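Protein chains: 2
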Amino acid sequence: MATTGTDLSRMREMNQLTIVWALRGNPPSTVTELAGRAGLSRPAVDVLVQALVAEGWAEVQEPGAGSVVGRPARRYRFRADAGHVLGIDVGVHKVLAVLSDLEGNLVRTLRRPVDPDAPPAARLAEVDGVIDDVLRATGKTPDDVWALTVGVTGPVDAAGRTSLSTPLPGWTEADPVAHLATRFSCPVRVENDCKLSAVAERWKGVAQDADDIVFLLAGLRTGAGLILDGTLRRGHGGAAGEIGALKAVRWLTAPDHLQSCPGIPATAAPGEAAAWVFQAARDGDREARTAVRRYTRDLAVGVAALVLTLDPQVVVYGGGFSRSADVVLEPLRRELTKHCLRLPELRASTLGDESVALGAVRLALDEVDDRLLGDGLSAPAAPRR
Amino acid sequence: MATTGTDLSRMREMNQLTIVWALRGNPPSTVTELAGRAGLSRPAVDVLVQALVAEGWAEVQEPGAGSVVGRPARRYRFRADAGHVLGIDVGVHKVLAVLSDLEGNLVRTLRRPVDPDAPPAARLAEVDGVIDDVLRATGKTPDDVWALTVGVTGPVDAAGRTSLSTPLPGWTEADPVAHLATRFSCPVRVENDCKLSAVAERWKGVAQDADDIVFLLAGLRTGAGLILDGTLRRGHGGAAGEIGALKAVRWLTAPDHLQSCPGIPATAAPGEAAAWVFQAARDGDREARTAVRRYTRDLAVGVAALVLTLDPQVVVYGGGFSRSADVVLEPLRRELTKHCLRLPELRASTLGDESVALGAVRLALDEVDDRLLGDGLSAPAAPRR
DNA sequence: CCGAGTTAGTAAACTCCTCAGCATTATCCA
DNA sequence: TGGATAATGCTGAGGAGTTTACTAACTCGG
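Sequence order for the protein chains is A and B. Taking my numbering, the leading residue of the first sequence gets -17, the next gets one more, and so forth. Taking my numbering, the leading residue of the second sequence gets -17, the next gets one more, and so forth.
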């Protein structure tokens, strides 16, 4: 426990950080407002905020034609556009990139379809392409990107490799970190898609109030991401949440109940088949309801294992099937009641298919915070790896 | 994010805390040593440590006949005996109390047998009795106890109740916090026994190096306690780790394989039956080995669920059966290999049956730390609830 | 027995930070 | 145009840690 002593300059750094926190995510603020938020005196805030302006972290906004009594105050604004981060979702069928500023405002979102059978090199080329498009469309260069996080399917190890397994063809051999490192000198990270979705749900989704969350990715594949005590749980080898690997948990075959439901139009693609069944169940089709019930029953075993292990506050039902949450959540709740000691809240995700990229953005922002604001902030510039 | 600004006095508090950390758990130290550990200058440490002495947190030790070159240094010592904490294990067959000083040195350990069928009132009377014995033997009063933690079997809610289930007869109706609050004005907490054992393993057991730990309580009952990122995981309702409640996980019946093994002497008590089987297996008895294998196979399903969910660094095999870890760990490892993606380390506990009380002591110490050292430390005295 | 060398304790000067209070400035309203 | 109001700017006070220098205490070796 080498708790280290504090001295004056460190205190100043801390207070400067406090001002950054008070500035960021708020509308342009006066010194008085900042002083109130930060719990510091006006003069102290004044010199701190002026230092921030000098370093380039903040901007002055001279008073306009305000209609307030008294001398109108100068306002200070966090320069959220001093840097940007990229969140990338490398899916089976698509590649999605989201560019965000330092305040988490989404600047641009672009997607490209990808051949599901594309080999890693082609897929990475599409990643490069969509990144280029985003940067070109927003007039940015790779140096404007301060951190970059990529979401992929399958357990991701510390090096960003997906050596254990992944449905992306050939991807176990891919090294996306190394690939992107040739173009970006900022921190590049790869993370599992379920984990990123979980992060997104806590950031902008339906679990903003919760600290202990199980995110369920429900689609043709099933997976889970865990947030405990407000932080993403990776596990010692990055394989937390992979309960689906247990044979007694029939997550691998659970969606088959939907695919093999009698009555599905022969023209339907695999993804649409499930949607058709959910719709039919909604309409009262007997066989569809049975299929959904069977699917739910298999799903519930794994969810129960997660819930019993972690006792979370919320379980978020997300992924491709989350649009049909209305026909799944109730039977799922019933099944869980059978298995669990204490039932958590069940909520349906509303983030859609951008949640992975969104979570990637959030993680990249966290990375920037850790690096730049971790202890004493330097001039605004892209952190190096 | 109301990060609050720091001022001079707060800085001083922090540095004083730093000195406490540098002092505690170390042999009596000179000012120079403390300055090195705390990263502060000698004069600064000097005034801080003298303030601590004045408040009663530290003691001076005048230099003796040292044979070192130069002027012999005064040494300062943390007054670990300024306060004490109690850890209590309320088991089915026994009640165990451990008294510790503020540095975690165990001062006294006492146990009392309890009738397994004793009602809550009688069991609480035994708790009172063993606490009285410990205090009398060490010449302490209830006011010397700064925090008290009790370990019981079954999931414990925020109020310290065990309403869901517990093998202690009638205990679902018991309110140990209320009972002890009549005698102790310090913080009183109740916690699940598996969780406390997990804490103990990380404190003084075989998992001191790990931050992500699954503790397995293996005995006539089976349970688990989780430590993630170095902190105990309670779960939102205090029911984390209760994977044994899942029917697909046959933890409830797993020990039956041992109890029903042919060849057990009719004279053996239930607890000894398992021990006999383990010994027979060790000696090569065919049927005993089969029984152990079956037990292990059932055990492994639940462990695999925990491991796949959490991806811990270490699984600690503890509880009554841990003395026979030599015949269980290897088959368990084989079973887990079948189920898991990434195999964690498997270690056998060596703490024996005092681990619950030990973990309770650790939690009580943490409580004291949070209260007294949380922000700015006051004069040494028992914190109030 | 004494002086050189070494280390601990102490005091003063200095730097840096925050805070409180007062004068100054800019704007609105009567 | 003058008064009210609120923000800004400035200056001095107080507190905390650091540096530097000096004194005290002890060991070792001649």
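Ideal Cβ positions, reconstructed from N, Cα and C, are used throughout, including at glycine. Just so it is clear, the structure is predicted and the values come from calculations on it, not from any experiment.
Of the candidates A:302, A:298 and A:305, A:298 places its Cα closest to the Cα of residue 315 of chain A. Proximity of chain A to residue 146 of chain B at the Cβ level (cut-off 9 Å) is accounted for by 323 and 324, in chain order.
Secondary structure of residue 7 of chain B (DSSP, three-state): coil. Excluding its 5 nearest sequence neighbours in each direction, residue 98 of chain A has C-beta neighbours in its own chain below 7 Å: 74 and 75, listed in chain order. Listed along the chain, the chain A residues whose CB falls inside 8 Å of the CB of residue 225 of chain B are 287, 290 and 291. When the Cα atoms are used, residue 196 of chain B and residue 206 of chain B turn out to be separated by approximately 7 Å. Within its own chain, the residues whose Cβ lies closer than 8 Å to the Cβ of residue 329 of chain A, once the five positions on either side in sequence are excluded, are 188, 189, 296, 297, 298 and 299, listed in chain order. Between the alpha carbons of residue 305 of chain A and residue 141 of chain A lies a distance of about 34 Å.
For residue 247 of chain A, the closest Cβ of chain B is not nearer than 8 Å. Taking 8 Å as the cut-off, the beta carbon of residue 129 of chain A is found closer than this to the beta carbon of residue 169 of chain A. Residue 21 of chain A reaches chain B at -14 and -13, counting residues in chain order whose Cβ is nearer than 7 Å. When secondary structure is reduced to three states using DSSP, residue 43 of chain A falls in the strand class. Under a 10 Å Cβ-count criterion, residue -10 of chain A is classified as exposed, with fewer than 16 other Cβ atoms of the shown protein chains found around its own Cβ. Secondary structure at residue 258 of chain A: helix, using DSSP grouped into helix, strand and coil. DSSP places residue 56 of chain A in the coil class of the three-state scheme, outside both helix and strand.
In the DSSP annotation of this structure, the continuous segment of the alpha helix (DSSP H) that includes residue 278 of chain B starts and ends at 268 to 292. Residue 361 of chain B sits exposed, since fewer than 16 C-beta atoms from the chains shown fall within 10 Å of its C-beta.
Note on geometry: alpha-carbon atoms of residue 24 of chain A and residue -14 of chain A lie some 29 Å from one another. Closest in C-alpha terms to residue 221 of chain A, from the list A:175, A:183, A:192 and A:240, comes A:175.
In the displayed model, residue 300 of chain A falls within a strand according to three-state DSSP.
Exclusion of the five residues before and after residue 91 of chain A leaves 80 as the residues of its chain whose Cβ lies within less than 6 Å of its Cβ. In the DSSP assignment, residue 327 of chain B falls outside any alpha helix (DSSP H) and lies within the beta strand (DSSP E) extending over 327 to 330. Residue state for residue 167 of chain A is assigned as coil, using DSSP reduced to three classes. Excluding the 5 residues flanking it on each side, residue 236 of chain B has same chain C-beta neighbours closer than 7 Å at 204, 277, 280 and 281, in chain order. If the five residues before and after residue 192 of chain B are omitted, its C-beta is found closer than 6 Å to the C-beta atoms of 295 and 296, all from its own chain and listed in chain order. With the rule of 3 Cβ pairs closer than 8 Å, the stretch 61 to 71 of chain B counts as touching the stretch 337 to 354 of chain B.
Secondary structure of residue 320 of chain A (DSSP, three-state): helix. Within the stretch 30 to 50 of chain A, not one residue has a Cβ closer than 8 Å to any Cβ of chain B. Just so you know, the alpha carbons of residue 12 of chain B and residue 26 of chain B end up roughly 13 Å apart.
Judged by beta-carbon spacing, residue -12 of chain A lies within the 8 Å limit of residue -7 of chain B, meaning their Cβ atoms are closer than that value. Its chain contains 275 and 278 as the residues whose beta carbon lies nearer than 6 Å to that of residue 313 of chain B, once the 5 sequence neighbours on both sides are disregarded; these appear in chain order. Look at residue 118 of chain A here: in three-state DSSP terms it is helix. Restricting attention to A:94, A:364, A:21 and A:150, the CA atom closest to the CA of residue 108 of chain A is found in A:94. Within the stretch 293 to 316 of chain B, 293, 294, 295 and 296 place their CB atoms closer than 9 Å to a CB of chain A, listed in sequence order.
Shown here for residue 63 of chain B: same chain residues with a beta carbon closer than 7 Å to its own, the five before and five after excluded, namely 83 in chain order.
In this structure residue 136 of chain B is buried. Its beta-carbon is surrounded by 16 or more other beta-carbon atoms within 10 angstroms.
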